[in-house]
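Student: Protein sequence lines correspond, in order, to chains V and Z. Under this note's numbering, the first residue of the first sequence carries the number 1, and numbering increases by one thereafter. Under this note's numbering, the first residue of the second sequence carries the number 1, and numbering increases by one thereafter.
There are 2 protein chains.
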Amino acid sequence: MASIDEIAKLCNVSKTTVSRVLNNHPYVSKEKREQILKVIKELDYTPSSLARSLRTSKTHTIAVSVPSIDHPFFAQLIKGISHEALTYSYKSLIFQTFYNQAVELELMELLRNKEVDGIILGALENEWELIEPFLKYGPILLCNEYHPSADIPIIGYDEFEAASKAVSYLIEKGHQKIGFCYDHSYSEAQRQRKAGYRKALLAHKLPHKKEWLFGKAFDIEDGFRIFNEIYKLKEKPTALFTGSDQVAAGIIKKAVSSGYKIPEDLAVIGYDNQLICQVSAPAITTIDIPIMELGQQAARILIQSIKQQAELKREVVRLATKLIIREST
Amino acid sequence: MASIDEIAKLCNVSKTTVSRVLNNHPYVSKEKREQILKVIKELDYTPSSLARSLRTSKTHTIAVSVPSIDHPFFAQLIKGISHEALTYSYKSLIFQTFYNQAVELELMELLRNKEVDGIILGALENEWELIEPFLKYGPILLCNEYHPSADIPIIGYDEFEAASKAVSYLIEKGHQKIGFCYDHSYSEAQRQRKAGYRKALLAHKLPHKKEWLFGKAFDIEDGFRIFNEIYKLKEKPTALFTGSDQVAAGIIKKAVSSGYKIPEDLAVIGYDNQLICQVSAPAITTIDIPIMELGQQAARILIQSIKQQAELKREVVRLATKLIIREST
DNA sequence: TTAATTTCTGAAATCGATAACATGTCAACA
DNA sequence: TGTTGACATGTTATCGATTTCAGAAATTAA
């Protein structure tokens, strides 16, 4: 590859002048500018961004961490981020932590080492106290994660409102015995969701029984298991807010093959509005989360702060969710 | 961030010596080595990989291009690649082309500019002739794509065998009227698949009718449409090889709600063994593709060639697929 | 004891760019 | 006519590492 020196030599100018042309600085005579541009084009020269980054300590790259790309939610989140970043001519480096704390810290090193200009955390593996010191090396923000005190932007959606909206809808439909599925992460998100569920029940003075709470609800298999648990209950819920499309799909599949009629015998609401909602028979009522927008907002805020060299402050953005009504309720 | 000079100064040695320690060179006295290591640890110093890359023109990064991450197949492929790369301490830069040729060429520029050490193309947007010139800047390989003459490794699976296996199974089950769905890309993959379908039919002297070929088969909606087309046919196929789980799911969904019994009235085989096969009711018989292995092999071959600075030669790897039998056949 | 190696160390060049600073024109203006 | 400022260009330092080369010290061989 040609370097800036070669271009300079060929044009009989100093590399400073070439650099000026490259960066659209004023004070370069028309003739030289044109000649230099011509030679650049002829040699198909492109400046080394490695050298540039080293000198300017700007990389035009943001890093995004997710547990694993292999999950439709995160895949879409990344799509939103990358797409938005691209419109600002920023590259995005995708980092899968595979739920590994050490990998997340490696990512932080990239920031310290100026290999990326900023970081979007799509998940938080380590304690915030371990992440926080890296803030002095560049902007970090949380997307789809929450922390009660971290002094950075937090882009998410209103889990509380989403959950209470879903449960209220079930109540409107006449249900009085409503169950709830949750995973076992002690995340703020889970707490909010549960609080929303509670609030809706309380508002209508409905009971919430311990037996109607189902833990470890992640995937389809969990759905199978949970249906079996329900099946054995003496007093069964007539409706379920599952907090996951996959769990909902599993429950429905098993219920149907056990002779249940959905939604007559059991109404089920998912979460995320993933593809499988449409495939499931009956199709699943769910909460639609504006995932792409989530990613786009996060990317936009981060990149803007990078460009303006403005420090990021705490700022909690909550995008609106939507209840998508289908056949399972 | 501390730099190598600071470490050198603190230890009263030249940075050359520090560099030697960093790179495990011999000929550094025990005392100095230990002292330097101690100071490095105290300052929590890590060398700038930007500077390193600039000097050595090695980045320890491979780039992966896919059309969009937002597709379970590619998401898994990337997972396989990234995971394998990680075991070699290589980073992977994921590049979504969004089906855009220019973006793919930008990726090639990264190789020319020595921002990455090699490239895995998970899709091919441009003509090979446009890509080929970049081979002189570093190794490139094709994964899940095929080109009849490109002189690089091609990691894929045997589409021909997979298709003929699927169709043969339908024949074994007694079907004589078997349809086929395809998308409209004129890719080698599609050709192979169709050829496999044909071969199985011919081997059993079964007819293949034009009316049983259904084009533009990508997603669930296409499945809906295709079922409608089938429904209108005078002579209907009794089985379908769809070439896509999503299409299969769409067809099944529509068929069931139209009163069809699956597989009695219509047997359906998907392709990819995605999650939705299990959610669909009935669950979908499909072809399982070792996606993770595909990615792992690709990463391994690429990284090894980078490490050994060996040029890559044409080499067509075809991993085995598996027929997963479920309820839809 | 001298010559030849091996071990250890550092100065300076290099990778490819940008930034700071210096200098030289040339026109406008008092 | 001398001063000022806009324009145009180049020299040198710098980012943070590795590499080349050269020389000194210690060890071994003759």
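The C-beta atom is built at its ideal place from N, Cα and C for all residues, glycine as well.
Leaving aside the five residues before and after Leu124 of chain Z along the sequence, list all residues of the same chain whose C-beta is less than 6 Å from its C-beta, in chain order.
Tutor: Here the set comprises Glu145.
Student: If you reduce the DSSP assignment to three classes, tell me which class Ile62 of chain V lands in.
Tutor: Strand at Ile62 of chain V.
Student: Is it buried or exposed for Glu84 of chain Z, if we count other Cβ within 10 angstroms and need 16 for buried?
Tutor: Glu84 of chain Z should be labelled buried.
Student: Over what stretch of residues does the alpha helix (DSSP H) that includes Leu43 of chain Z continue unbroken?
Tutor: Its alpha helix (DSSP H) spans residues 30-43.
Student: When you compare the CB of Ser82 of chain Z with every CB in chain V, is at least one pair closer than 7 Å?
Tutor: Output row for Ser82 of chain Z: interface = yes.
Student: Taking the beta strand (DSSP E) that Leu323 of chain Z falls in, what are its first and last residues?
Tutor: Start and end: 322-324.
Student: Drop a sphere of 10 angstroms on the beta-carbon of Lys91 of chain Z, count the other beta-carbons inside from all chains shown, and report buried for 16 or more, exposed for fewer.
Tutor: Result: buried.
Student: Below 7 Å on C-beta distance, what does Asp70 of chain V contact in chain Z?
Tutor: Going along chain Z in sequence order, the residues near Asp70 of chain V (Cβ under 7 Å) are Ala75, Gln76, Lys79.
Student: Are any of the Cβ atoms in chain V nearer than 7 Å to that of Ala281 of chain Z?
Tutor: For Ala281 of chain Z, the answer is yes, since a Cβ of chain V falls inside 7 Å of its Cβ.
Student: Going straight from the alpha carbon of Ile332 of chain Z to that of Pro263 of chain Z, what length do you get?
Tutor: What is shown of chain Z runs 1 to 329, which leaves residue 332 of chain Z out entirely.
Student: Whole-angstrom Cβ separation of Leu93 of chain V and Leu93 of chain Z, contact assumed at under 8 Å?
Tutor: Sure, about 6 Å apart at Cβ, within 8 Å.
Student: DSSP three-state call for Ser244 of chain V: helix, strand or coil?
Tutor: Coil.
Student: Kindly indicate if chain V contains any beta-carbon less than 7 Å away from that of Ala51 of chain Z.
Tutor: Output row for Ala51 of chain Z: interface = yes.
Student: Using only alpha-carbon positions, find the residue among V:Gly259, V:Lys232, V:Ala255, V:Thr321 that is nearest to Asp272 of chain V.
Tutor: Measuring from the Cα of Asp272 of chain V, the nearest candidate turns out to be V:Thr321.
Student: Pull out every residue of the stretch 36-47 of chain V whose Cβ sits closer than 7 Å to any Cβ of chain Z, in chain order.
Tutor: The stretch 36-47 of chain V vs chain Z, Cβ under 7 Å: Thr46.
Student: Any beta carbon of chain Z sitting closer than 7 Å to that of Gln111 of chain V?
Tutor: Looking at the sequence itself, residue 111 of chain V is Leu, so the reference to Gln does not match. No - not a single Cβ of chain Z is within 7 Å of the one on Leu111 of chain V.
Student: How big is the Cα-Cα spacing for Lys114 of chain Z and Thr59 of chain Z?
Tutor: Spanning the two alpha carbons is a distance of roughly 7 Å.
Student: Give the DSSP-derived three-state secondary structure of Glu109 of chain Z in the structure shown.
Tutor: In the structure shown, Glu109 of chain Z sits in a helix (DSSP, three-state: H, G or I).
Student: Do Thr238 of chain V and Lys177 of chain V have their beta-carbon atoms positioned less than 7 Å apart in this structure?
Tutor: A contact, by the Cβ cut-off of 7 Å.
Student: Closest to Pro282 of chain V by CA distance: which of V:Ser257, V:Ser19, V:Thr61, V:Asp288 is it?
Tutor: The shortest Cα separation from Pro282 of chain V among V:Ser257, V:Ser19, V:Thr61, V:Asp288 belongs to V:Ser257.
Student: Within this structure, are the beta carbons of Leu319 of chain Z and Ile120 of chain Z separated by less than 7 Å?
Tutor: No, the Cβ-Cβ distance between Leu319 of chain Z and Ile120 of chain Z is not below 7 Å.
Student: Could you work out which residues of chain Z lie near Leu213 of chain V, taking near to mean beta carbons separated by less than 7 Å?
Tutor: Correct list: empty, because the minimum Cβ distance to chain Z is about 24 Å.
Student: Specify the secondary structure class of Lys344 of chain V as computed by DSSP and reduced to three states.
Tutor: There is simply no residue 344 of chain V to check, as chain V begins at 1 and stops at 329 in what is shown.
Student: Within 7 Å of any Cβ in chain V, is that where the Cβ of Ile276 of chain Z sits?
Tutor: Interface residue, yes.
Student: Are the C-beta atoms of Gln101 of chain V and some chain Z residue less than 7 Å apart?
Tutor: Gln101 of chain V does not count as touching chain Z.
Student: Can you say whether His175 of chain Z is buried or exposed, counting buried as having 16 or more other CB atoms within 10 angstroms of its CB?
Tutor: It is buried - the Cβ of His175 of chain Z has at least 16 other Cβ atoms within 10 Å.
Student: Quick check: the stretch 65-77 of chain Z against the stretch 7-27 of chain Z, are at least 3 beta-carbon pairs closer than 8 Å?
Tutor: No, the stretch 7-27 of chain Z does not touch the stretch 65-77 of chain Z.
Student: Thinking just about the alpha-carbon of each residue, which of V:Ser185, V:Tyr88, V:Thr56, V:Ile155 is nearest to the one in Ala217 of chain V?
Tutor: That would be V:Ser185, whose Cα lies nearest to the Cα of Ala217 of chain V.
Student: Leaving out the 5 sequence neighbours to the left and right, which residues in its chain are closer than 6 Å to Glu106 of chain Z when beta-carbon positions are compared?
Tutor: Within the same chain, Glu106 of chain Z has no close Cβ partners at all.
Student: Check distances from the C-beta atoms of the stretch 204-228 of chain Z to those of chain V and list, in chain order, the residues that come in under 8 Å.
Tutor: If the cut-off is 8 Å between Cβ atoms, the stretch 204-228 of chain Z has Ile220 near chain V.
Student: Please determine, among Z:Leu323, Z:His147, Z:Ile40, Z:Ile78, the residue with the shortest C-alpha to C-alpha distance to Gln192 of chain Z.
Tutor: Here the closest residue by C-alpha is Z:His147.
Student: Would you call the CB atoms of Leu54 of chain V and Leu50 of chain Z closer than 7 Å?
Tutor: Against a cut-off of 7 Å, the Cβ pair of Leu50 of chain Z and Leu54 of chain V comes out as a contact.
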